Amino acid sequence: MDFVALKFANLPIVVEDVKAITPLSDVPNVLPRQNNNTIQHPSPTPETSNNVTHLSHTWKSVVTPICSKTLKILLMGYPNQDANYLVSGFEEGFRLDDFLFVGPANSNVCEESLRLFLNLCKTLGVPIKTEKTEYSCTCLVFLGIELDSVLMEARLPDDKIRKIKTALQAMKVRKRVTLRELQSLIGLLNFACCVVVPGRAFLRRLIDLTKGISRPHHYIRLTKESRLDLLAWYMFIDCFNGKALMLDHVWMSSVKLHLYTDASGAIGYGAIFKSHWFNGRWSNSLNECTITFKELYPIVLAVEVWGHLFQNSCLLFHSDNQAVVWIANKQTSKDPMVMKLVRRLVLTCMKLNILMRAEHIPGAHNILPDLLSRFQIQEFHRLAPLMDTYPTDVDPGLLEVC
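Laid out in structure tokens, this is it:
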């Protein structure tokens, strides 16, 4: 895979300047300016395929979402063959005055896309910062993230990692922080989430603390839950090397992985991965927990015990408990005990670069782990004779819910 990146020169240009080409009222899907402030949009992860070039665009001062229909209008009068080439590979999106072209290896897609785009900018009178233009290569820095298509890695700069560590360490001993300090930390962590995608689960409660606070110097009290989220971030970043493999966004079903779990409310729990399995009985302290906690418990253990076997992947997990499906997808819960499991699950996913999603299945399809959770081991082996004779050892430390 090859990359090409380039950057606009600083321009005193806004959406209204497009009127020279076509009246703004005739351009669909272009957002108006609001109070002279930049309109904020999420920055989606670029997707690639063998034959598609992905394009996104932002003017200085005003964020301009441009759809493919709009692009066709802006390209009126441009040579049809070149215009069609650009439009065919166009995806709606947003970037802050940067462009990234992506093409398959051993092809001229990047060079051709760059040539056509530079010709278009020349026709429109849009200057380019040529000194910041990077030509076809397999490793470059884009929006502060180093992308490597040979190793298929996304890497955070070392200085950013050090800055995040320092900020988190300072927050560990604080009970109150100013809005400015908290927003600065959230910005750093949000940037890290470009590489560490599962980490967004530990941002939501921090962002909620800033709601309703308008003055940067006003103090915000850190709640118990937010402090636990900060601790989880610190535990992760302290051993993070700044590298993460790019996820291919092909969701691997737990059925395909042969990963199943179940819990019995009064007896115990069980989990299966391929031919491996484990089960256990509820301790006195856990026996009083809710069924939601008990259903989530073996899922967390399974990811902690076997997660290294399906790391760097998107995992689609199936559960027969609707509440667990909701919690796994939202990665939050009002139950403090359940949240302890959620943090363990998300932290493990962050370390192993696993993006997890859950779907509901009927309980009747979950026979084998149900037998394990009820300690019907003989029946389990009768129905599944190819399973391991003995269970997988589980570190006793993992069984404790701190």
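Read in the UniProt record's numbering, the sequence shown has 15 at position 15, and its numbers run on one by one without any break. Don't be surprised by glycine CBs; every beta carbon is placed ideally from N, CA and C. Nothing here was measured: the structure is a model prediction, and the numbers come from that model.
Excluding sequence positions up to five away, which residues of its chain have a Cβ less than 6 Å from the Cβ of residue i?
i, result
"His-217", "Thr-178"
"Cys-194", "Ile-145"
"Phe-273", "Leu-259 and Trp-306"
"Ser-25", "Annotation note: pLDDT 34 at Ser-25 (below 50); position unreliable, coordinate value reported separately. So the list is empty, once near-sequence residues are dropped."
"Val-197", "Leu-355"
"Glu-111", "Ser-136"
Tell me, to the nearest whole angstrom, how far the beta carbon of residue i is from that of residue j; I am working on the premise that it is less than 8 Å.
i, j, result
"Ile-291", "Gly-265", "5 Å"
"Ile-220", "Leu-182", "6 Å"
"Trp-277", "Pro-391", "6 Å"
"Ser-313", "Ala-358", "Incorrect: roughly 15 Å between the Cβ atoms, too far for contact."
"Leu-315", "Met-252", "6 Å"
"Lys-165", "Phe-191", "Not confirmed; about 14 Å, so no contact."
"Asp-388", "Ser-275", "5 Å"
"Leu-301", "Val-394", "6 Å"
Which same chain residues end up closer than 8 Å to residue i when comparing Cβ atoms and leaving out the 5 residues on each side of it in sequence?
i, result
"Leu-347", "Ala-232, Met-235 and Phe-236"
"Leu-210", "According to the sequence as given, residue 210 is Thr; it is not Leu. Counting only Cβ-Cβ distances below 8 Å, and skipping sequence neighbours, we find Leu-179, Leu-182, Gln-183, Ile-186 and Ile-220."
"Phe-293", "Leu-286, Asp-335, Met-337, Val-338 and Leu-341"
"Cys-139", "Phe-3, Glu-146, Leu-147, Asp-148, Ser-149 and Val-150"
"Ile-213", "Leu-179 and Ile-220"
"Leu-222", "Met-171, Arg-174, Lys-175, Arg-176, Val-177, Leu-209 and Leu-230"
"Gln-322", "His-360"
"Leu-386", "Ser-275"
"Arg-215", "Leu-179"
Using DSSP bridges, identify the partner residues of residue i.
i, result
"Cys-314", "Trp-251 and Leu-355"
"Gly-280", "Tyr-269"
"Arg-221", "Arg-176"
"Cys-139", "Asp-148"
"Lys-243", "Arg-155"
"Ala-263", "Tyr-269"
"Ile-207", "For Ile-207, which the question treats as bridged, DSSP gives no partner whatsoever."
"His-360", "Ser-319"
"Asp-395", "According to DSSP, which records beta bridges pairwise, Asp-395 is partnered with nothing at all."
Taking just the CA atoms, how far does residue j sit from residue i?
i, j, result
"Leu-341", "Ser-149", "35 Å"
"Ile-128", "Pro-336", "53 Å"
"Phe-317", "Ile-299", "9 Å"
"Gly-125", "Pro-104", "30 Å"
"Leu-352", "His-308", "7 Å"
"Gly-397", "Asn-279", "15 Å"
"Glu-379", "Cys-349", "33 Å"
"Arg-130", "Phe-99", "Inspection of the sequence shows that residue 130 is occupied by Thr rather than by Arg. Distance between the alpha carbons of Thr-130 and Phe-99: 13 Å."
"Phe-375", "Met-246", "40 Å"
"His-360", "Phe-310", "21 Å"
"Val-173", "Ala-244", "29 Å"
"Asn-119", "Val-141", "24 Å"
"Cys-289", "Asn-106", "57 Å"
"Met-304", "Leu-399", "First, the residue type needs correcting, since residue 304 is Glu and not Met in the sequence shown. Computed Cα separation, rounded: 11 Å."
"Ile-377", "His-365", "18 Å"
"Thr-123", "Ser-113", "15 Å"
"Arg-115", "Leu-143", "22 Å"
"His-381", "Gly-363", "20 Å"
"Phe-117", "Met-152", "26 Å"
"Asn-329", "Leu-345", "12 Å"
Could you name the residues of the same chain whose beta carbon sits closer than 7 Å to that of residue i, not counting the 5 residues immediately before and after it, in chain order?
i, result
"Leu-296", "Val-324, Ile-327, Val-338 and Leu-341"
"Ala-384", "Leu-368"
"Val-373", "Here residue 373 turns out to be Ser, not Val, going by the sequence shown. Correct list, in chain order: Asp-262, Ala-263, Ser-264, Ile-267, Gly-268, Tyr-269, Gly-270 and Asn-279."
"Leu-228", "Arg-343"
"Glu-121", "What sits at residue 121 in the sequence shown is Cys, not Glu. Counting only Cβ-Cβ distances below 7 Å, and skipping sequence neighbours, we find Ile-128."
Name the residue from the options whose alpha carbon lies nearest to the alpha carbon of residue i.
i, options, result
"Phe-200", "Ile-354, Val-300, Met-387 and Pro-385", "It is worth fixing the name first, because residue 200 is Arg in this sequence and not Phe. Checked all of Ile-354, Val-300, Met-387 and Pro-385; the closest Cα to Arg-200 is Ile-354."
"Leu-230", "Met-246, Met-252 and Arg-205", "Arg-205"
"Gln-331", "Leu-315, Met-356 and Ser-319", "Met-356"
"Lys-224", "Lys-175, Thr-130 and Phe-310", "Lys-175"
"Asn-284", "Val-401, His-276 and Asn-108", "Val-401"
"Asp-238", "Lys-163, Ile-207 and Arg-115", "Lys-163"
"Asp-208", "Glu-304, Val-197, Ser-226 and His-381", "Ser-226"
"Asp-158", "Val-109, Phe-101, Asn-241 and His-360", "Asn-241"
"Val-109", "Cys-121, Thr-123 and Tyr-135", "Tyr-135"
"Asp-248", "Asn-329, Phe-202, Ala-154 and Arg-215", "Ala-154"
"Ser-333", "Leu-386, Phe-202 and His-381", "Phe-202"
Report whether the distance from the Cβ of residue i to the nearest heavy atom of the ligand ATP is below 7 Å.
i, result
"Met-387", "Only the bare structure without any ligand can be found here, which leaves the ligand ATP out of the picture."
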